[in-house]
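Undergrad:
In the working numbering, the protein residues as written are 2 to 141.
(1) Going by beta carbon distance, what residues of the same chain come within less than 6 angstroms of residue 119, once the five residues before and after it are set aside?
(2) Compute the Euclidean distance between the alpha carbons of residue 121 and residue 48, then round it to the nearest angstrom.
(3) Can you tell which of 92, 63, 10 and 135 has its C-alpha closest to the C-alpha of residue 1?
(4) Could you tell me which uninterrupted beta strand (DSSP E) segments, each at least 3 residues in length, are contained entirely in the stretch 106-130, listed from first to last along the chain?
(5) What is the DSSP secondary structure of residue 41, counted as helix, strand or coil?
(6) Is it true that the CB of residue 113 sits closer than 8 angstroms to the CB of residue 98?
(7) Would you call the CB atoms of residue 14 and residue 60 closer than 8 angstroms?
(8) Could you tell me the alpha carbon to alpha carbon distance between residue 65 and residue 25, rounded to whole angstroms?
(9) Going by C-alpha distance, which of 108, 69, 57 and 110 is nearest residue 137?
(10) Confirm, please, whether the CB-CB distance from residue 58 to residue 91 is below 8 angstroms.
(11) Compute the distance between the beta-carbons of residue 117 and residue 56, then report whether it is under 8 angstroms.
As structure tokens, then:
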């Protein structure tokens with residue numbers, strides 16, 4: 002009569018999301034101040050949505066693969082090797098969407114929304130897969 006594994010997955014993912022989002026706000030805020038970035042209101046909204054969707058994707062994948070590597074020897078080395086190829090679309094999408102939100106390299110704000118859609122699809126897929134697969138993954 003334990004706790005449902007999908008609830009554990011959701012709890013771990015939410016905890017990781019809070020930590021990642023706090024770090025992202027600190028880093029983005031520092032970069033905006035240091036580099037004097039000026040954004041439109043739409044660009045600011047796009048940056049916030051990008052941060053949120055990328056954070057959900059990274060947290061769900063990190064929690065899922067953390068459970069996968071948890072029982073393995075050398076998990077400290079194994080986890081980054083497993084995680085990096087999987088989160089590459091999130092990193093690329095978040096970079097492109099942030100570039101559009103900040104208007105850097107001549108990018109328009111509207112160019113970031115397709116990348117945000119990619120981030121959202123990735124986040125939903127790994128949230129669903131993680132909630133379903135986390136139980137059998139940690140039982141082994």
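Quick reminder that beta carbons are idealized off the backbone N, C-alpha and C, glycines included.
TA: Straight from the coordinates:
(1) Here residue 119 refers to the residue found at position 118 of the chain shown. Taken in chain order, the residues that qualify are 94.
(2) Counted from its first residue, the chain shown places residue 121 at position 120. Counted from its first residue, the chain shown places residue 48 at position 47. Rounded to whole angstroms, residue 121 and residue 48 show a C-alpha spacing of 14 angstroms.
(3) For residue 1 there is no data in the structure shown, the boundaries of the chain being 2 and 141.
(4) Annotation note: the stretch 106-130 contains no uninterrupted beta strand (DSSP E) run of length 3 or greater.
(5) Along the chain shown, one-based indexing puts residue 41 at 40. Coil.
(6) Locating residue 98 in the chain shown gives position 97, counting from the first residue. Locating residue 113 in the chain shown gives position 112, counting from the first residue. Remark: C-beta atoms of residue 98 and residue 113 approach each other more closely than 8 angstroms.
(7) Counted from its first residue, the chain shown places residue 14 at position 13. Counted from its first residue, the chain shown places residue 60 at position 59. Less than 8 angstroms divides the Cβ of residue 14 from the Cβ of residue 60.
(8) Along the chain shown, read from residue 1 onward, the residue named residue 65 stands at position 64. Along the chain shown, read from residue 1 onward, the residue named residue 25 stands at position 24. Near 21 angstroms, if we compare the C-alpha coordinates of residue 25 and residue 65.
(9) For the purposes of this step, residue 137 is taken as the residue at position 136 of the chain shown. The shortest C-alpha separation from residue 137 is found at 69.
(10) Position 90 of the chain shown, counting from 1, holds the residue named residue 91. Position 57 of the chain shown, counting from 1, holds the residue named residue 58. Cβ distance < 8 angstroms, so residue 91 and residue 58 count as in contact.
(11) Mapped onto the chain shown, residue 117 falls at position 116. Mapped onto the chain shown, residue 56 falls at position 55. Not in contact: residue 117 and residue 56 (Cβ atoms no closer than 8 angstroms).
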